[in-house]
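Chains as they are written, first to last, in numbering that gives the first Met the number 0: chain U, 0 to 413; chain H, 0 to 413. Below you'll find the structure, written out as structure tokens, and then a few comments.
Protein chains: 2
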Amino acid sequence: MPHRMKAAIIAIGSEMLGPTRVDTNSLKLTAALENYGVAVVRKSVVGDSLQDLVGEMEFSLGKADILIVTGGLGPTEDDMTREALSKAFGLEMDLDQSIVDRLQARFAARGWKMPEVNKRQAYVFRGQTTLTNERGTAPGFHLVVGGKHVWVFPGVPNELEWMIETYFKPWLEQTGGKKRHRRVLKIAGMTESGVEERLKPYYDAHKGELLTILAAPGGLELHLLRDTADEVASRERELLDLFGNRVFGFDDETLEFVVGSLLANRGETLATAESCTGGLLGSRITDVPGSSRYYVGGGVCYTATTKTDIAGVDPQLIQQHGEVSQEVAEALASGIRERFHTTYGVGITGIAGPTGGSEAKPVGTVHIAVADATRVEHRKIVWPFTRTLVKWFSSQAALDQLRLFILGRGASRS
Amino acid sequence: MPHRMKAAIIAIGSEMLGPTRVDTNSLKLTAALENYGVAVVRKSVVGDSLQDLVGEMEFSLGKADILIVTGGLGPTEDDMTREALSKAFGLEMDLDQSIVDRLQARFAARGWKMPEVNKRQAYVFRGQTTLTNERGTAPGFHLVVGGKHVWVFPGVPNELEWMIETYFKPWLEQTGGKKRHRRVLKIAGMTESGVEERLKPYYDAHKGELLTILAAPGGLELHLLRDTADEVASRERELLDLFGNRVFGFDDETLEFVVGSLLANRGETLATAESCTGGLLGSRITDVPGSSRYYVGGGVCYTATTKTDIAGVDPQLIQQHGEVSQEVAEALASGIRERFHTTYGVGITGIAGPTGGSEAKPVGTVHIAVADATRVEHRKIVWPFTRTLVKWFSSQAALDQLRLFILGRGASRS
């Protein structure tokens, strides 16, 4: 690939044009293309109309070096991708008996007879490359049209994924596509403008270089994409110097995974007592396989009674300070820890809204406490969000507070 | 609108072409268009290149009666939607001083001075309609080009939503767009093929009529879209006759909302004791505003100790039958109910995986029990899913089991 190649993506299918479906196939293709330095310049979704398909294919190929088409390869009359390709690019089709045999065997293996209509899927383009589909019935194609490349894949997500890995990525690599290196640094507890501010010296040192900042729910991601692994590693070190332990993880790591790994590695344990998050913190912790090694559970303490009965919060404390208070958050954290003899306890209490707020304690007020045997750490936050977001951000803040609390203890003492 | 009008949608912005962002704006536009009988025939995403934008606009308008463009209306050099429209459709632009004044006032209200660059947003198309934006700085446009309609909206979701409600829907209605009527019936506890099977008499009675079946996480949706409210109501009655109380709700109602409404209306209360779902059930219940009226909380009982300490499960029962068993699920439900004196208790215990399974109790095995003062109802399910899906489907099954349990009790006794 002498210059930076351009790609266009077409997703085919009237069902993709309704008010409920988004095209996620193009994201997988885009990630593969980006890894080899190919830029996606346009993507489109069109319905099952032969004329529209032909027009779209011609128009899209005019804008790009690589055209990728997904969907419309099924056996029914609605599936017109083959016909459209043939018409748009003047290609002739032949019946491939080996595909008919494969399809018949596939049906026979399930005790069925192949419907006659499936024969449509056995037509291939003369002189072009057919991509056998080991995950389904529709083969894909790699066509060369006027020196440009057209890749045609089934729209079924797991079939497409398999074809990307099996055919598309190896081709991108072979074609001289420079494999680029990606690293994602994940940051919690900072605003986007705070991150921008702290990035200034990095921007100054690397003018014109792309560093993508992506807002993720309850955190931010820094996306590095460079030509060599060494470059990525050196940039990563600079970013870690700037952000320190604000970086909680890398690539696909979630905050609950990072906290879980810390606990597992240190042989320590955790209990939780949640009020306004209603169990969300426990649910996130237990999304991680193997969490039963360090998480014992705890209480969803949605009333004063459950706070007292499950986490042992003194009723007088609740009466004196209210259920939403520093004192009760700390008592929840310490109480649940003591009750279940864990290394750490986390307590959360707050007002998720939309009602229940007051001038002194507005909606969004959340108290989070983390305790071990010798220390309790408290934080109060007032989120400017609606109910489910208050819950989510509170669970995120609690996990991050726990992470920093654990790191602050230094090496494991157990 | 004499014939069925066609619409095309273009989303503008290079950031929309990366591997992490999907275009959800087009879904809101599509829903509005569908309600007035306008079909979306294509949608596309293009980057911030003037030439690409111009080509895309010309091509798209050729395919439709209504072209909708979102994004690229910001104040920076990257925002080229205005220039592209002007070039594509031969329109002239003028500075609108009233917009400059509005922008300056908007900035002044925050104590800021308007950056000079924002003046770009005050250029409007001569002889065309400018859409004042009360949610942001970028105005939108309604242009008439060769008898066709071009609508231009900002890409910021809440600004777009406001403009759809304020300008676009009223126009669709005025233009003679027939307001269509929509109703969504939500079904739990059935497979898609089970739903298809039961729909046969309905299909036979309404040949050629569209009824969309949509798979939602842990449920299915039947989407009715008809020309009159009467038609929708009569189809709805037929579907309710077929599906009975398998229909748990309508339109935007979630299962946790429906269960919550049942409890609130009956003045009844609920406690939960969750093992494998780790708090997810409690979190979903507390996603509903006002859930503190009927939900007291309960336990995340991830170990044998927490099952005994929080929900009062007899340790001998655990020893005898194992933590994942009918007996323990029932004891969790009854125990947590008794402890917190609620009308109902729900207990869940299972193996979310990926490890921890055995031949007798494979990964995905989940026991769910619902109890009131006189009765305990148990269900065992073996989900063929991965960890987080096992959790989700278990919480969904527990909510639905609770719903049917409550309905089975008849009128409230409290």
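Yeah, the Cβ is synthetic: ideal placement off N, Cα and C, and Gly gets one too.
- For TYR201(U), no beta strand (DSSP E) run applies; the uninterrupted alpha helix (DSSP H) run containing it begins and ends at 199 to 204, by DSSP.
- Scanning its chain for C-beta atoms nearer than 8 Å, with the 5 sequence neighbours on each side dropped, one finds around GLU160(U) the residues LYS27, in chain order.
- If the five residues before and after GLU172(U) are omitted, its C-beta is found closer than 8 Å to the C-beta atoms of TYR35 and LYS178, all from its own chain and listed in chain order.
- Contact note: LYS42(H) reaches chain U through LEU16, SER43 and VAL44, using a C-beta cutoff of 8 Å and chain order.
- Taking 9 Å as the CB threshold, PHE249(U) stays off the interface with chain H.
- Of all residues in the stretch 384 to 401 of chain U, those with a C-beta nearer than 9 Å to a C-beta of chain H are ARG386, THR387, LYS390 and SER394, reading in chain order.
- The closest CA to that of ALA87(U), considering only THR131(U), TRP111(U), LEU142(U) and ASN117(U), is found on LEU142(U).
- Within the same chain, Cβ atoms closer than 7 Å to the Cβ of GLU326(U) are found at LEU316 and HIS320, the five residues on either side in sequence being excluded.
- Per DSSP, the unbroken beta strand (DSSP E) holding SER43(U) starts and ends at 38 to 45.
- For the stretch 259 to 281 of chain U, residues whose beta-carbon sits nearer than 9 Å to a beta-carbon of chain H comprise ALA270, THR271, GLU273, SER274, CYS275, THR276, GLY277, GLY278, LEU279, LEU280 and GLY281.
- The beta-carbon distance between ALA368(U) and ALA332(U), rounded to whole angstroms, is 4 Å. This is short enough to meet the 8 Å contact definition.
- Counting the other Cβ atoms within 10 Å of the Cβ of VAL116(H) gives fewer than 16, which makes it exposed.
- The continuous beta strand (DSSP E) containing LYS5(U) extends over residues 5 to 11.
- Under the rule that a run must span 3 or more residues, the beta strand (DSSP E) segments found entirely inside the stretch 97 to 150 of chain H read 122 to 124, 128 to 130 and 139 to 144.
- For the pair of segments examined, the stretch 223 to 238 of chain U was found not to touch the stretch 255 to 269 of chain U: the number of CB pairs separated by less than 8 Å stays below three.
- Beta-carbon to beta-carbon, THR29(U) and LEU52(U) are separated by about 21 Å, too far to satisfy the 8 Å threshold.
- Between THR348(U) and chain H, the shortest Cβ-Cβ separation is not below 9 Å.
- For the stretch 18 to 29 of chain U, the set of positions with a beta-carbon nearer than 9 Å to some beta-carbon of chain H reads PRO18, THR19, ARG20, VAL21, ASP22, THR23, SER25, LEU26, LYS27, LEU28 and THR29 in chain order.
- For the pair SER394(U) and ILE347(U), the CB atoms are nearer than the 9 Å cut-off.
- Near chain U, meaning a CB-to-CB distance below 8 Å, the residues of the stretch 291 to 319 of chain H are SER291, TYR294, VAL295, GLY296, GLY297, GLY298, VAL299, CYS300, TYR301, THR302, THR304, THR305, ASP308 and ILE309.
- Closest option to LEU66(U), judged by alpha-carbon separation, among MET56(U), LEU224(U), ARG374(U) and ASP399(U): MET56(U).
- By the neighbour-count definition (other C-beta atoms within 10 Å, threshold 16), SER192(H) is an exposed residue.
- Residues of chain H whose Cβ lies closer than 8 Å to the Cβ of LYS62(U) are, in chain order, ASP51 and GLY54.
- Annotated three-state conformation of LYS177(U) is coil, per DSSP.
- Residues of the stretch 208 to 219 of chain U with a C-beta less than 8 Å from any C-beta of chain H: THR211 and LEU213, listed in chain order.
- Residue-level contact by beta carbon fails for ILE163(H) and chain U, as no gap is shorter than 9 Å.
- Check the Cα spacing between LYS390(H) and each of GLU358(H), GLY278(H), TYR294(H) and PRO361(H): the tightest is with GLY278(H).
- Counting the other CB atoms within 10 Å of its CB gives ILE212(U) a total below 16, which places it among the exposed residues.
- With fewer than 16 other beta carbons inside 10 angstroms of its own, LYS206(U) counts as exposed.
- Between ALA272(U) and ILE309(U) the beta-carbon gap is near 7 Å, inside 8 Å, which marks them as a contact.
- At a Cβ-Cβ threshold of 9 Å, VAL183(H) and LEU239(H) do not count as neighbours.
- Under the three-state reduction of DSSP output, ASP93(H) falls in the strand class.
- Classified as buried, GLY344(H) has 16 or more neighbouring CB atoms from the shown chains inside 10 Å of its CB.
- The Cβ atoms of VAL40(H) and ALA10(H) lie no closer than 9 Å to each other.
- Our two residues, PHE247(U) and ALA215(U), have alpha carbons roughly 13 Å apart in a direct line.
- Non-local beta-carbon contacts of LEU388(U) in its own chain, meaning distances under 8 Å to residues more than five positions away in sequence, involve TRP382 in chain order.
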